[in-house]
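A short worksheet on the structure shown next.
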Amino acid sequence: MEGVGDGSDKLVTVDVRPDSRTFGKIIDSDSVGGRHEAHHGGFTDDRRHFWVSGLDTSMIFIFDVASDPANPQLVKTIDSFVEDSGGVVGPHGAYALPGRMMISGLSNAEDDSGRTALVEYTNDGEYIATHWMPTADNAPDVEGVEFADGYGYDARVLPRKNALLSSSFTGRSNCMMDFGAMLQDEATMQRFGSSMVMWDFHQRTPRKVFHVPGAPLEDGAGQ
Amino acid sequence: MSPARRWRTVLDSEGEAFDLRELFHGRISVLSFIYTRCNDPHGCPLATGMLHRPAWTVAQDPVLAEAGLQLLSLSFDPDHDTPEVMRSYAESVYHGSGSDWRFLTTGSRAALQPILRAYDQPIGTKDDALDPFGPFYHQLRVFLIDRDGQIRNIYSLGFLDPRLVLADIHTLMLEEQTRP
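Protein sequence lines, in the order shown, are assigned to chains A and B.
Each step along the first sequence adds one to the number in the numbering used here, with nothing skipped, and position 76 is 604.
Each step along the second sequence adds one to the number in the numbering used here, with nothing skipped, and position 133 is 228.
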């Protein structure tokens with residue numbers, strides 16, 4: 529936030545050890561250097577690294593939180609997300625899969641709208657694949673395609689059901705504009721997602737699109 | 096996803112030394128990391144149990160058998176899991192025939208460490224060496240490796256289903272058939 533500290537996004541560590549003399553206090557702060565709207569984050573499946581997505585700049589920051597949990601270290605920055613993914617913009621959720629991370633995008637480089645994709649990387653930060661959200665153009669035969677807006681936001685997996693559920697929000701053009709101005713602009717207010725998608729997780733193909741008005745945002749899938 | 100790492104340090108249950116590269120070459124492999132003292136029902140017994148179905152299926156399915164599928168269970172407890180112990184473990188957990196399931200170990204911790212690092216398999220020692228679940232912390236991970244030595248999928252606790260592993264193996268075989 530501008531005017532706070534050095535103005536950069538940070539990973540801040542709070543001591544939660546009840547017997548520690550610094551219990552409840554900030555014991556470490558790691559700046560990523562700049563304002564990226566580092567936003568949602570997630571641990572890798574082995575809980576050794578914490579990924580934080582920079583919504584504004586499409587950069588992803590990977591911290592080692594296992595070597596010294598009280599002093600996380602920024603060990604890698606992915607600055608090629610847009611290029612890697614074939615045009616996805618605004619990495620948002622970071623969700624752990626075995627040996628890999630699934631990043632749900634928020635937008636795209638072509639028009640900054642909400643049309644976006646899920647993007648996979650290895651735990652080492654190597655790009656694997658992009659799965660675009662279904663639309664009438666790329667998935668005309670999927671059930672519920674009439675509700676498919678192609679928007680994204682978050683994702684969760686229930687492996688024993690072979691189910692991947694993704695949700696939607698809005699694109700970069702809305703997300704980064706003045707909130708008050710956005711509320712006054714009727715056309716802009718139309719550009720919010722109203723869909724959730726059930727995928728065949730193993731095949732990474734959409735099975736069904738649900739109509740969920742009002743930007744469904746966070747997913748939660750019980751295990 | 097990435098190349099399966101290759102090291103020259105594994106021993107089979109007869110004590111014969113192998114280069115992992117030789118074992119992977121030209122074979123579809125399912126590799127799991129285990130230790131025989133593990134009693135955690137969500138750990139090594141689960142990993143070994145889950146490999147029974149592919150092992151059995153290979154024994155019954157000539158197509159899979161012809162495809163050269165092999166199962167590899169590699170110990171990360173070389174101090175205890177000598178080749179002799181692995182042989183005994185193999186006899187206790189698998190009595191089938193017709194599939195190629197090897198139970199491997201290494202000659203020392205020093206020989207093991209590069210393998211663990213390469214496969215992102217951190218192992219921690221518990222404060223209580225007599226913990227009823229076993230003396231180590233570890234994360235269950237099973238790897239599917241293609242004939243070119245590429246890791247093609249990783250299965251952890253919630254994702255390790257033998258039907259899924261078999262489906263992935265069939266997918267690899269279909270991919271090979273359609274390769275120009």
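Beta carbons are placed, not taken as given, at the ideal position from N, Cα and C, and that holds for glycine.
Only a predicted model underlies this, so the values are computations on that prediction, with no experimental measurement involved.
| Check | Outcome |
| --- | --- |
| For the segment 258-273 of chain B and the segment 626-645 of chain A, state whether three or more C-beta atom pairs, one from each stretch, are separated by less than 8 Å. | no |
| Measure the alpha-carbon distance for VAL105 of chain B versus GLY533 of chain A and round it to whole angstroms. | 52 Å |
| With DSSP run on the structure shown, which of helix, strand or coil describes LYS553 of chain A? | coil |
| Going by alpha carbons, who is nearest to ALA715 of chain A out of A:SER701, A:MET724 and A:TRP727? | A:SER701 |
| Alpha carbon to alpha carbon, what distance is there between LYS553 of chain A and ALA598 of chain A? | 12 Å |
| Give me the residue from A:VAL685, A:GLY535, A:PHE591 and A:ARG735 with the minimum Cα distance to GLY561 of chain A. | A:GLY535 |
| For the beta strand (DSSP E) that ASN636 of chain A lies in, which residues bound it at each end? | 628-636 |
| Are the beta-carbon atoms of SER694 of chain A and ALA683 of chain A separated by less than 8 Å? | yes |
| Less than 8 Å between CB atoms is the rule here; does GLY570 of chain A satisfy it with respect to chain B? | no |
| Whole angstroms are fine: how far does the CA of ASP135 of chain B sit from the CA of PHE113 of chain B? | 29 Å |
| Return the residues of the segment 609-642 of chain A that lie within a Cβ-Cβ distance of less than 8 Å from chain B, sorted by chain order. | LEU625, PRO626, GLY627 and ARG628 |
| Whose C-alpha, out of B:GLY219, B:GLN155 and B:PHE238, is nearest the C-alpha of ARG628 of chain A? | B:PHE238 |
| Tell me, please, which residues DSSP counts as bridged to LYS689 of chain A. | Answer is none; LYS689 of chain A lacks a bridge partner. |
| Which residues in the same chain have their Cβ closer than 6 Å to the Cβ of ARG576 of chain A, if we skip the five residues on either side of it in sequence? | ALA594 |
| Apart from the five residues on each side of it in sequence, which residues of its chain come closer than 7 Å, Cβ to Cβ, to VAL180 of chain B? | THR131 |
| Name, going along the chain, the residues of the segment 567-597 of chain A whose beta-carbon falls closer than 8 Å to a beta-carbon of chain B. | ASP573, ASP574, ARG576 and ALA594 |
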